[in-house]
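There are 2 protein chains.
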Amino acid sequence: MKKNDLYNQQVEKQSQLAKCSLCSAKRFSICGKMDETQVKKVDSFKRTKNYKDKQPIFFQGDPVKSYFNVRSGNVKIYRLLDDGRMHIMGFLYPGDFMGLSSDQDTYLNSAEAIGNAEICSFAISEFDDLNKNSPEITKELLKRNFQEIEFMQKQSIIIGKLHAKDRLMEFFKNISAQRKKIGLPDNPISLPMNRQDIADYLALTIETVSRGITELKNDQKIKMIDKNKLYIN
Amino acid sequence: MKKNDLYNQQVEKQSQLAKCSLCSAKRFSICGKMDETQVKKVDSFKRTKNYKDKQPIFFQGDPVKSYFNVRSGNVKIYRLLDDGRMHIMGFLYPGDFMGLSSDQDTYLNSAEAIGNAEICSFAISEFDDLNKNSPEITKELLKRNFQEIEFMQKQSIIIGKLHAKDRLMEFFKNISAQRKKIGLPDNPISLPMNRQDIADYLALTIETVSRGITELKNDQKIKMIDKNKLYIN
DNA sequence: CGCCATTTTGAAGGTTTTCAATGTCAGTGG
DNA sequence: CCACTGACATTGAAAACCTTCAAAATGGCG
Numbered sequence: 010m011k012k013n014d015l016y017n018q019q020v021e022k023q024s025q026l027a028k029c030s031l032c033s034a035k036r037f038s039i040c041g042k043m044d045e046t047q048v049k050k051v052d053s054f055k056r057t058k059n060y061k062d063k064q065p066i067f068f069q070g071d072p073v074k075s076y077f078n079v080r081s082g083n084v085k086i087y088r089l090l091d092d093g094r095m096h097i098m099g100f101l102y103p104g105d106f107m108g109l110s111s112d113q114d115t116y117l118n119s120a121e122a123i124g125n126a127e128i129c130s131f132a133i134s135e136f137d138d139l140n141k142n143s144p145e146i147t148k149e150l151l152k153r154n155f156q157e158i159e160f161m162q163k164q165s166i167i168i169g170k171l172h173a174k175d176r177l178m179e180f181f182k183n184i185s186a187q188r189k190k191i192g193l194p195d196n197p198i199s200l201p202m203n204r205q206d207i208a209d210y211l212a213l214t215i216e217t218v219s220r221g222i223t224e225l226k227n228d229q230k231i232k233m234i235d236k237n238k239l240y241i242n
Numbered sequence: 010m011k012k013n014d015l016y017n018q019q020v021e022k023q024s025q026l027a028k029c030s031l032c033s034a035k036r037f038s039i040c041g042k043m044d045e046t047q048v049k050k051v052d053s054f055k056r057t058k059n060y061k062d063k064q065p066i067f068f069q070g071d072p073v074k075s076y077f078n079v080r081s082g083n084v085k086i087y088r089l090l091d092d093g094r095m096h097i098m099g100f101l102y103p104g105d106f107m108g109l110s111s112d113q114d115t116y117l118n119s120a121e122a123i124g125n126a127e128i129c130s131f132a133i134s135e136f137d138d139l140n141k142n143s144p145e146i147t148k149e150l151l152k153r154n155f156q157e158i159e160f161m162q163k164q165s166i167i168i169g170k171l172h173a174k175d176r177l178m179e180f181f182k183n184i185s186a187q188r189k190k191i192g193l194p195d196n197p198i199s200l201p202m203n204r205q206d207i208a209d210y211l212a213l214t215i216e217t218v219s220r221g222i223t224e225l226k227n228d229q230k231i232k233m234i235d236k237n238k239l240y241i242n
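Those sequence lines, one after another, are chains P and B. Counting in this note's numbering, the final residue of the first sequence is number 242, and the numbers go up one at a time with none missing. Counting in this note's numbering, the final residue of the second sequence is number 242, and the numbers go up one at a time with none missing.
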């Protein structure tokens, strides 16, 4: 067997595995609102890629060419400030859709994988065609927009009005709720992101996050199983 | 002339003044995207009401029955927290649309007038009919949704990452930009809201707001004309 | 096992909040 | 006209919380 054949065989295998019919995130994603014909169409023009930890998906300032769907793994959406600091807007989970949240022609935020992640991408034009002819998809996207506004409003309250420990508890509870939504046990929870990411998300320093977690342990509010896994009491 | 005639005459006068053709906020509002037929329709089913300072427009938890459009004056959108504190999500200016930002059937935030304000309200069903048959309106509403997401993202960075003085400067600059957008001079600016509102918006206390303004004056970053009017240098 | 990245802990310093008092200003009544 | 009132804003001092800088501990991986 020639080297090329082996490569083609692997690509073929990869493409088989990437099929929408085998997608475990389908139920929670925008694709779950599509009929069979539409899914077939998506299957034909989508591109599925495996990302490794910290691998960029898009950068703020890049021209918007694609929408993305998280198939597995996690993603962080963040913005780099002029002084080099990072603010993390949110963490994405399987089924989450990204790239739509702008009326600009460039991305306002950057996105990168946390751990291994499978991400589907859709060329804007092709996805928009699909959207244009499907009230179900349009409705779902609009709903997700509203949810994002609501989410950002809650987040600004958490950041603006809560102390470090309370921000952490809200964060853990949100992860718990998110897990429930995608069919995972809501307790214990795992933290795919590191402490620095939690800090950049909750507008704290890594030290304050660490101390907060230690105190929540002492207060019996949580119980750490390991560094990235915990029970919420 | 009977008392009733006088009343009817006043109502008639009021209704004449409220006509969309005389609306100074039309250019900046969703109505600016409508054709003549659509505006005529809106004119027929809209209701225009004058609100006084601190008068509520809707409460969080109320069933969503109407959308609103700010015709003149200002509005604050806020949420009361369990412990009684207030977080102000944003201030609205003439041309701003409200009520759409939820996939819930109840309002998530409350709204009340700051000073005198004229607000148009539209019954959901009637406005949705209009929206359904107009891609222009749908597109504009979607655009405003994206802008709201972008706005909330910026706001969470301001609250999370900036010191009191910088939050205040960003706040003043935003007001300046908003004024420019609706055709008012962008410098000096006026502050329709009081210090407590600024504090509840920027996630500070009233004392910190006051001290911050005093320091910005000393730093020559701003120049106060009076308590609610200032130059940005 | 040892290395390096990540996390935790410690101590000092900085910013904002809290509590308290004073100042300002517009409206009201003597 | 001026003192009084009440709402709003400013200032002061102490305390709380978080950050910063520094060091130690942990943990994954070659």
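Ideal placement from N, C-alpha and C gives every residue a C-beta, glycine not left out.
**Message:** Within a Cβ cutoff of 8 Å, which residues of the same chain sit near B:M95, ignoring the five residues on either side of it in sequence?
**Reply:** Cβ neighbours of B:M95 beyond the five flanking positions: Y87, R88, L89, D209.
**Asked** Do P:L117 and P:R176 come within 8 Å of each other at the CB atom, strictly closer than that value?
**Response** P:R176 is not a Cβ neighbour of P:L117, given a cutoff of 8 Å.
**Prompt:** How would you write the range of the beta strand (DSSP E) that P:F131 sits in, first residue to last?
**Reply:** It spans 119–132 - the beta strand (DSSP E) in which P:F131 sits, taken as one unbroken run.
**Prompt:** Who does P:S199 pair with in a DSSP beta bridge?
**Reply:** According to DSSP, which records beta bridges pairwise, P:S199 is partnered with P:K238.
**Asked** Looking at the C-beta of P:A186, does it have a partner C-beta in chain B at a distance below 8 Å?
**Response** By this cut-off, P:A186 is not an interface position.
**Asked** If you measure beta-carbon to beta-carbon, which residues of the region 148–165 of chain P are closer than 8 Å to chain B?
**Response** Within the region 148–165 of chain P, the residues whose Cβ lies closer than 8 Å to some Cβ of chain B are L151, K152, N154, F155, Q156, E157, I158, E159, M161, Q162, Q164, S165, listed in chain order.
**Request:** Following the continuous alpha helix (DSSP H) through B:N54, name the residue where it begins and the one where it ends.
**Result:** A small fix is needed here, since residue 54 of chain B is Phe in this sequence, not Asn. Residue range 45–54 is occupied by the alpha helix (DSSP H) that includes B:F54.
**Prompt:** Per DSSP, which one or two residues make a beta bridge with P:I168?
**Reply:** Beta-bridge pairing links P:I168 to no other residue.
**Asked** Would you report the Cα separation of P:E127 and P:K35, rounded to the nearest angstrom?
**Response** Distance between the alpha carbons of P:E127 and P:K35: 13 Å.
**Asked** Which two residues bound the contiguous alpha helix (DSSP H) that contains P:K174?
**Response** P:K174 -> alpha helix (DSSP H) spans 173–190.
**Residues bridged to B:F106 [DSSP beta-bridge criterion]** = Per DSSP, the beta bridge partners of B:F106 are B:N78.
**Request:** Can you tell me which of B:N125, B:S134, B:G221 puts its alpha carbon nearest to the alpha carbon of B:L109?
**Result:** Ranked by Cα distance from B:L109, the first of B:N125, B:S134, B:G221 is B:S134.
**Request:** Check the Cβ-Cβ distances between B:M107 and every residue of chain P, and say whether any is below 8 Å.
**Result:** B:M107 does not count as touching chain P.
**Request:** Reducing DSSP to helix, strand and coil, say where B:N142 ends up.
**Result:** Assignment of B:N142 by DSSP, reduced to helix, strand and coil, places it in the coil class.
**With 16 other Cβ atoms within 10 Å as the buried cut-off, status of B:K164** = At residue 164 of chain B the sequence reads Gln, which differs from the Lys that was named. Classification for B:Q164: buried.
**Message:** Taking only three categories from DSSP, how would you classify B:L213?
**Reply:** Three-state DSSP puts B:L213 in coil, outside helix and strand.
**Request:** Establish whether the CB of B:G70 and some CB of chain P are separated by less than 8 Å.
**Result:** Answer no: the Cβ-Cβ gap between B:G70 and chain P never drops below 8 Å.
**Prompt:** Whose C-alpha, out of B:P201, B:M161, B:T57, B:Q187, is nearest the C-alpha of B:G82?
**Reply:** The option with the nearest alpha carbon to B:G82 is B:P201.
**Request:** Mark B:Y60 as exposed unless 16 or more other C-beta atoms lie within 10 angstroms of its C-beta, in which case mark it buried.
**Result:** By the neighbour-count rule (16 or more Cβ atoms within 10 Å), B:Y60 is buried.
**Message:** Among the candidates P:S33, P:K190, P:D44, whose CA atom is the shortest distance from the CA of P:N142?
**Reply:** Of P:S33, P:K190, P:D44, the residue nearest in Cα terms is P:D44.
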